[in-house]
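Trainee: Respectively, the protein sequence lines represent chains E and S.
Under the working numbering, the first residue of the first sequence is numbered 1, with each subsequent residue one higher.
Under the working numbering, the first residue of the second sequence is numbered 1, with each subsequent residue one higher.
I'd like to ask you about the structure that follows.
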Amino acid sequence: MNTPGLLTRARASLTRDKSDTLLLLIAALMVLAPHFLHLPLWVSLTSCVTLLWRARITMQGKRMPPLWLLLPISIIAMAGVYRSFHTLLGRDSGVAMLALLLTFKLLEMHARRDLFVVIFLSLFLLLTNFFYSQTLLTAGAMMVTLTVLLTAQMSFQYTGAVPPLLRRLRAAATVVVLAAPLALLMFIGFPRLQGPLWGLPGDAHSAHTGMTDTMAPGSVSALATSDELAFRVRFKGPVPDQSQLYWRGIVLSDYDGRTWTRINRRRLPREHIEIQASGTAVSHEITLEPTGKRWLFALELSGPDMDIPGQTVNSSNELEFSTYANISERLRYETHAWLNFRIHANATPEQLQPWLALPPGFNPRTLELARQLRQPSGLASSQAVLDMFRKQPFSYTLEPPLLGRDAVDDFLFNSRAGFCEHYAGAYVVLMRAMGVPARVVTGYQGGELNPVDGYLSVRQSDAHAWAEIWLPGAGWKRVDPTGAVAPERIRSNLAHALPQQAPFGFTPLLELENDPHSWLAQLRFQIAALNNAWNQWVLDYNPDRQRSFLEELGAAFGHPASMAGLALAAGLVWWWQRRRGQMQPDPLDALYQAFCRQQARYGVTRAPHEGPLSYAARLRAVPASSEKRAAMEQFLDLYGALKYGVAGAASQHRRAGLQKLKTLLPLCR
Amino acid sequence: MLPALKRRIQGATNKWLFQLRDSEPGEVVLVMRRVFILPTKAGLGFAVLLLLMLIGSLNYNLGLGFALTFFAGSCAVVDMLLTAKNLAMLALAPGRAQPVFAGEEALFELHVANRSKRDRFGVWLGFQQLGEPRNVTDVAVGGSSAVVLACPTGERGWLTAPRVRLVTRFPLGLFRAWSYWRPDLKALVYPFPEQDAPPLPMSGAASEDGHGTVGLDNFAGIRNYQPGDPMRHLAWRQIARHDPSVGGQLVTKHFDGGAVAELRLDFAELPWNMDLEQKLSRMTRWVLEAEQRSLPYSFRLAQHDFGPALGDAHRAACLRALALFGQEAA
Numbered sequence: 001m002n003t004p005g006l007l008t009r010a011r012a013s014l015t016r017d018k019s020d021t022l023l024l025l026i027a028a029l030m031v032l033a034p035h036f037l038h039l040p041l042w043v044s045l046t047s048c049v050t051l052l053w054r055a056r057i058t059m060q061g062k063r064m065p066p067l068w069l070l071l072p073i074s075i076i077a078m079a080g081v082y083r084s085f086h087t088l089l090g091r092d093s094g095v096a097m098l099a100l101l102l103t104f105k106l107l108e109m110h111a112r113r114d115l116f117v118v119i120f121l122s123l124f125l126l127l128t129n130f131f132y133s134q135t136l137l138t139a140g141a142m143m144v145t146l147t148v149l150l151t152a153q154m155s156f157q158y159t160g161a162v163p164p165l166l167r168r169l170r171a172a173a174t175v176v177v178l179a180a181p182l183a184l185l186m187f188i189g190f191p192r193l194q195g196p197l198w199g200l201p202g203d204a205h206s207a208h209t210g211m212t213d214t215m216a217p218g219s220v221s222a223l224a225t226s227d228e229l230a231f232r233v234r235f236k237g238p239v240p241d242q243s244q245l246y247w248r249g250i251v252l253s254d255y256d257g258r259t260w261t262r263i264n265r266r267r268l269p270r271e272h273i274e275i276q277a278s279g280t281a282v283s284h285e286i287t288l289e290p291t292g293k294r295w296l297f298a299l300e301l302s303g304p305d306m307d308i309p310g311q312t313v314n315s316s317n318e319l320e321f322s323t324y325a326n327i328s329e330r331l332r333y334e335t336h337a338w339l340n341f342r343i344h345a346n347a348t349p350e351q352l353q354p355w356l357a358l359p360p361g362f363n364p365r366t367l368e369l370a371r372q373l374r375q376p377s378g379l380a381s382s383q384a385v386l387d388m389f390r391k392q393p394f395s396y397t398l399e400p401p402l403l404g405r406d407a408v409d410d411f412l413f414n415s416r417a418g419f420c421e422h423y424a425g426a427y428v429v430l431m432r433a434m435g436v437p438a439r440v441v442t443g444y445q446g447g448e449l450n451p452v453d454g455y456l457s458v459r460q461s462d463a464h465a466w467a468e469i470w471l472p473g474a475g476w477k478r479v480d481p482t483g484a485v486a487p488e489r490i491r492s493n494l495a496h497a498l499p500q501q502a503p504f505g506f507t508p509l510l511e512l513e514n515d516p517h518s519w520l521a522q523l524r525f526q527i528a529a530l531n532n533a534w535n536q537w538v539l540d541y542n543p544d545r546q547r548s549f550l551e552e553l554g555a556a557f558g559h560p561a562s563m564a565g566l567a568l569a570a571g572l573v574w575w576w577q578r579r580r581g582q583m584q585p586d587p588l589d590a591l592y593q594a595f596c597r598q599q600a601r602y603g604v605t606r607a608p609h610e611g612p613l614s615y616a617a618r619l620r621a622v623p624a625s626s627e628k629r630a631a632m633e634q635f636l637d638l639y640g641a642l643k644y645g646v647a648g649a650a651s652q653h654r655r656a657g658l659q660k661l662k663t664l665l666p667l668c669r
Numbered sequence: 001m002l003p004a005l006k007r008r009i010q011g012a013t014n015k016w017l018f019q020l021r022d023s024e025p026g027e028v029v030l031v032m033r034r035v036f037i038l039p040t041k042a043g044l045g046f047a048v049l050l051l052l053m054l055i056g057s058l059n060y061n062l063g064l065g066f067a068l069t070f071f072a073g074s075c076a077v078v079d080m081l082l083t084a085k086n087l088a089m090l091a092l093a094p095g096r097a098q099p100v101f102a103g104e105e106a107l108f109e110l111h112v113a114n115r116s117k118r119d120r121f122g123v124w125l126g127f128q129q130l131g132e133p134r135n136v137t138d139v140a141v142g143g144s145s146a147v148v149l150a151c152p153t154g155e156r157g158w159l160t161a162p163r164v165r166l167v168t169r170f171p172l173g174l175f176r177a178w179s180y181w182r183p184d185l186k187a188l189v190y191p192f193p194e195q196d197a198p199p200l201p202m203s204g205a206a207s208e209d210g211h212g213t214v215g216l217d218n219f220a221g222i223r224n225y226q227p228g229d230p231m232r233h234l235a236w237r238q239i240a241r242h243d244p245s246v247g248g249q250l251v252t253k254h255f256d257g258g259a260v261a262e263l264r265l266d267f268a269e270l271p272w273n274m275d276l277e278q279k280l281s282r283m284t285r286w287v288l289e290a291e292q293r294s295l296p297y298s299f300r301l302a303q304h305d306f307g308p309a310l311g312d313a314h315r316a317a318c319l320r321a322l323a324l325f326g327q328e329a330a
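Here you go:
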């Protein structure tokens, strides 16, 4: 016994009803399967068991469970959902309830109406899966599931012969393919509103990793191990040099001996900050991944104002930007940055006071060192500190040793190993101790340019901390102490700055990974570009993007040349259709039809069953002039000969005959 | 008064809107213009679902949710097109209709041919006046399907086929497309054979044997039961021996008439004060009975005067004359 035989027999033993129901169960399972990844285990198990139960009922032709059994089960299930989620109204609990409802509804299918209810529930459940995943893969799975659902729905509509499953699947796929152009058009053109329409339940957004507004030893290095995307950037012009790519985020000015925090707002009234910029602005568009916080990042130095449609943007004295609400969706904004700038060059000593403060009683050895290194000018003092970092055995590491109470003392004199936050922090403390206003800036540095689509990806591992010192006449000036220790970090990226471990202890793999021209890197770039396009055009197709895209489209189509091209194409299609329509009927038949129509106007309508001979006999009985009669006689004779005679087959005869018929036709009037 | 007016207005509107026309001779092709379409209840439910999906996508800003919503909506639009196309360009032609007796159902045969390049599934047909169609057929590419529709009959005479409604919901059931067609087809309805009619008038004029019970006098054996045989002539003793439920047949006692066997069915000889339809009804019964008993009979009704004969042709001619009595001029 072989498998095909078994299959055929299995198929033969399935009645139509059974196979339709099984198909519906499979479709429901396909809808539910992605949800098993996040549903509580008991919900997934209950769903599976219920589906199996339904399949068993179908296969054995048994009766459905009665209502008095189903009702308590569903009530218990609902109580279970409440127990798991502590609510029935949240997003996740709603999905769990829907999943259970779908499987229970399958057990309670009696009429055709119930079938539609099951299909509709499945479609909605398919949508809810996008709360959890919206990748390209999910989209592919969605299309397949939709096709199977449509097949199930279609299968119930056959009344007589049912084509085999493969043909039905193909028919459903045809529906989906035919729907694609319209769906695309609606996706592009359907007016989008800026959601949400009402407050989202608390569990609508999950936790994100990202930059915080405090800095303690270890906070940035914790991010550095994350390969997660922070934001993507598209430059309108040429991409600036890697060492210029400082993505300014949060400025930390207050130090309590351990943690750097933002300045106390109450102490600092909002002032006008003067910015003098030179050179051309670097125009760029940033697509920020949801952070769950309010901070915006932009190339240093953007501002002093930033405008994002649909968002209120605050800017601070330290040129930080933040939104009013936490960023829970991917956010796209455009800014202009100047690479040469002066901030607040004419600040008064009072205004600079907050950036000279140091916590009393901490780091005595550091203060002592500052006294030794102090130079007459701020710039020279800074250079002395950087020289110390460069010349003395300081090292750059992701796993720095723990530091004691006097963290900067410990770092500068004992461990001498740290990550960027250690260097930036120590540098600022030293500068302040030397009387130079200084502060810590956190953000990102660098990024990876994808040659496929020209987008620069900035990851959490690009998180960075640097410093700013204020110099008379020059204003706030960026100083990156990390660059003194690990210039590689600034020039390329973190991976190059740190000692590397070859994967699986296999060095060629490492080279493959680092070489931007290797096939692995190329593949990675391709996938990243695809993902980015997906994010930009499908997931973040928001009202703003829609407007700009439609404007671009309008501009493109508003062009006279493209309009003319379109008109030409439409005309060609029309001509071709018309031609095809004209070609279809046989010219001989068309002439005969015209003749019949003509005679019908004189009251002699050809009956549908009437042949040319009997029609001719009837026409003869009608009074008419002798010429007309002769013409009619000739016409019908010729038609009969061409249509049914042997001579009609030869093409010359035919052509001549047709010509003759054409001349005869007006004479029969 | 008002309901009548309303009905008339509705009728006129329907006629205009759905282009209801009289019977069309020959084959009719359902061009797209003749196909109407509206969403079903399920279709309306689907619209509500789409709205919910749209709101969900908007609220949670689900890019892929929009994609699914628009895809599902477009699938419904495609379904609408396919449902209309499932009906459009079908070629309809009338078939045959056998004569029936009044009160029986007239059966109209209709042919549905598919000359397009797509199989048609789930095409429902039925007479419009009888509500939702109950006959369903599939028509394969290049194939044709014959559907027999039943229509109750009331009066004798020609019964023209009422308007046929074709309905389909294929492929997804979200839309219902329909079309109307009045086939050029009529069935002859014979008068209703009178029940408990008096026995055959064995000789029109008075005969030597006396009055009308001739023909039932002498027992002349048994024969198989035929519909219409009176109950009292059933040969119960024989039937009891051969139980019908185990394969036996009903048998009827057969009586011979007297020696005079001239059977003349003459409309004019029926009592003058009898109702016309009842007279026709009685004549019909007699024709059937005479045929059943194989008694040659002559037939006279108005201008029709058929000599004594027997057989299907004679029977059909007599019944036709009865059916069309008073209507033939038209």
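Where a beta carbon is used, it is the ideal one built from N, C-alpha and C, also for glycine.
Give the DSSP-derived three-state secondary structure of residue 64 of chain E in the structure shown.
Mentor: coil
Trainee: By DSSP, does residue 549 of chain E sit in helix, in strand, or in coil?
Mentor: helix
Trainee: For residue 187 of chain S, which option in S:312, S:320, S:28 and S:5 has the closest C-alpha, if you only look at C-alpha atoms?
Mentor: Cα-wise, what sits closest to residue 187 of chain S is S:320.
Trainee: For residue 147 of chain S and residue 125 of chain S, what's the separation of their Cα atoms in angstroms?
Mentor: 8 Å
Trainee: How big is the Cα-Cα spacing for residue 127 of chain E and residue 79 of chain S?
Mentor: Taking the straight line from one Cα to the other gives about 21 Å.
Trainee: List, in order along the chain, the chain E residues whose C-beta lies closer than 9 Å to that of residue 36 of chain S?
Mentor: Chain E residues near residue 36 of chain S: none, gap ~19 Å exceeds 9 Å.
Trainee: If the cut-off is 9 Å on Cβ atoms, which residues from the stretch 11-27 of chain S count as contacting chain E, listed in chain order?
Mentor: Listed in sequence order: 25, 26 and 27.
Trainee: Does DSSP classify residue 39 of chain S as helix, strand or coil?
Mentor: Looking at residue 39 of chain S - three-state DSSP - the assignment turns out to be strand.
Trainee: Given that residue 158 of chain E touches chain S, what residues does it touch there, using C-beta distances under 7 Å?
Mentor: 121 and 122
Trainee: Between residue 224 of chain S and chain E, is the shortest Cβ-Cβ distance under 8 Å, so that the two count as touching?
Mentor: no
Trainee: Could you pull the start and end residues of the beta strand (DSSP E) that residue 144 of chain S belongs to?
Mentor: 144-152
Trainee: Give, in chain order, every unbroken run of the beta strand (DSSP E) that is at least 3 residues long and sits entirely within the stretch 159-183 of chain S.
Mentor: 164-168 and 175-181
Trainee: If we define contact as Cβ-Cβ less than 8 Å, is residue 289 of chain E a contact residue for chain S?
Mentor: no
Trainee: Where does residue 466 of chain E sit, in a helix, a strand or coil, going by DSSP?
Mentor: strand
Trainee: Do residue 197 of chain S and residue 282 of chain S have their CB atoms nearer than 8 Å?
Mentor: yes
Trainee: Can you list the alpha helix (DSSP H) stretches of 4 or more residues lying completely in the stretch 52-116 of chain S, in chain order?
Mentor: 63-87
Trainee: Any beta carbon of chain E sitting closer than 8 Å to that of residue 234 of chain S?
Mentor: no
Trainee: With a 10 Å radius around its C-beta and 16 neighbouring C-beta atoms as the bar for buried, classify residue 177 of chain E as buried or exposed.
Mentor: exposed
Trainee: If I follow the unbroken beta strand (DSSP E) through residue 276 of chain E, where does it start and stop?
Mentor: 275-278
Trainee: Just to make sure I have the definition right: I need the residues of chain E whose C-beta is within less than 9 Å of the C-beta of residue 365 of chain S. Which are they?
Mentor: Nothing about residue 365 of chain S can be reported from this structure: the residues present for chain S run from 1 to 330 only.
Trainee: From the DSSP output, read off the bridge partner residues of residue 239 of chain E.
Mentor: Residue 239 of chain E is not bridged to any residue.
Trainee: Please identify, using Cβ separations under 8 Å, the residues of the stretch 519-546 of chain E that lie next to chain S, in order along the chain.
Mentor: 538, 539, 540, 541 and 542
Trainee: How would you label residue 331 of chain S, buried or exposed, when you count the other beta carbons within 10 angstroms and need 16 or more for buried?
Mentor: In the structure as shown, chain S begins at 1 and stops at 330. Residue 331 of chain S is therefore absent and cannot be evaluated.
Trainee: For the candidate residues E:587, E:449, E:593 and E:468, whose alpha-carbon lies nearest to that of residue 525 of chain E?
Mentor: E:449
Trainee: Cβ of residue 175 of chain E less than 8 Å from any chain S Cβ?
Mentor: It does; some Cβ of chain S falls within 8 Å.
Trainee: Between S:132, S:168 and S:201, which has its C-alpha nearest residue 35 of chain S's C-alpha?
Mentor: S:168
Trainee: Could you check where the alpha helix (DSSP H) with residue 725 of chain E kicks off and where it finishes?
Mentor: Any question about residue 725 of chain E goes unanswered here, given that chain E covers just 1 to 669.
Trainee: Let's test the definition: count the other Cβ atoms within 10 Å of the Cβ of residue 559 of chain E and tell me whether it reaches 16, buried, or not, exposed.
Mentor: exposed
Trainee: Counting only Cβ pairs nearer than 8 Å, list the residues of chain E close to residue 80 of chain S.
Mentor: The premise fails here: residue 80 of chain S is roughly 11 Å from chain E at the closest Cβ pair, so nothing lies under 8 Å.
Trainee: Kindly indicate the opening and closing residues of the alpha helix (DSSP H) around residue 17 of chain S.
Mentor: 2-17
Trainee: Could you run through the stretch 301-321 of chain E and flag, in chain order, every residue whose CB is less than 8 Å away from some CB of chain S?
Mentor: none
Trainee: So residue 380 of chain E is in the alpha helix (DSSP H); what residue range does that whole segment cover?
Mentor: 378-391
Trainee: Can you check whether the C-beta of residue 134 of chain S is within less than 8 Å of a C-beta belonging to chain E?
Mentor: Cβ-Cβ to chain E under 8 Å: no for residue 134 of chain S.
Trainee: For the stretch 129-162 of chain E, which residues have a CB atom closer than 7 Å to at least one CB atom of chain S, in sequence order?
Mentor: 130, 131, 134, 138, 139, 142, 146, 150, 153, 154, 157, 158, 159, 160 and 161
Trainee: Using three-state DSSP, classify residue 439 of chain E as helix, strand or coil.
Mentor: Here residue 439 of chain E sits in strand by DSSP.
Trainee: Would you kindly work out how many angstroms separate the C-alpha atoms of residue 225 of chain S and residue 155 of chain S, rounded to a whole number?
Mentor: 28 Å
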